[in-house]
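So the structure is just underneath, and the comments pick up after that.
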Amino acid sequence: MPSVRARVREIRIADRAGAFRVICVAALADAVHVLHAFQKKSQATPKRNIDLAAGRYRELVRRIKT
Numbered sequence: 257m258p259s260v261r262a263r264v265r266e267i268r269i270a271d272r273a274g275a276f277r278v279i280c281v282a283a284l285a286d287a288v289h290v291l292h293a294f295q296k297k298s299q300a301t302p303k304r305n306i307d308l309a310a311g312r313y314r315e316l317v318r319r320i321k322t
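The sequence shown runs contiguously to residue 322 in the numbering used here.
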């Protein structure tokens, strides 16, 4: 999901309850970090969700470096 950051991935899940997304990164600190998970209500991913995941990515990188 390059709109958040390089090497960030989006997992897509669809079932009878709707469409769900999990934005995660596995390239930091030998772990999978879930940045954000949400239910999609439209075709496009809302900017608010992208911004939230990007902010959490920045915070994660800051914590790993200290």
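Ideal Cβ placement from N, Cα and C applies to all residues, glycine included. Since we're looking at a predicted model, the values are computed, not measured.
query, result
"Using the Cα positions of ARG312 and LEU291, report the straight-line distance between them to the nearest angstrom.", "6 Å"
"Can you give me the start and stop residues for the beta strand (DSSP E) that ARG318 sits inside?", "ARG318 -> not in any beta strand (DSSP E); alpha helix (DSSP H) instead, spanning 303 to 321."
"Mapping the DSSP letters down to three states, classify LYS297 as helix, strand or coil.", "coil"
"For ALA275, collect the residues of the same chain with a Cβ closer than 6 Å to its Cβ; drop the 5 residues on either side in sequence, then sort them by chain order.", "LYS296"
"My assumption, with CB atoms under 8 Å, is that VAL278 sits in contact with ALA310. Please give the rounded CB distance.", "Contact flag wrong, Cβ pair sits at about 15 Å."
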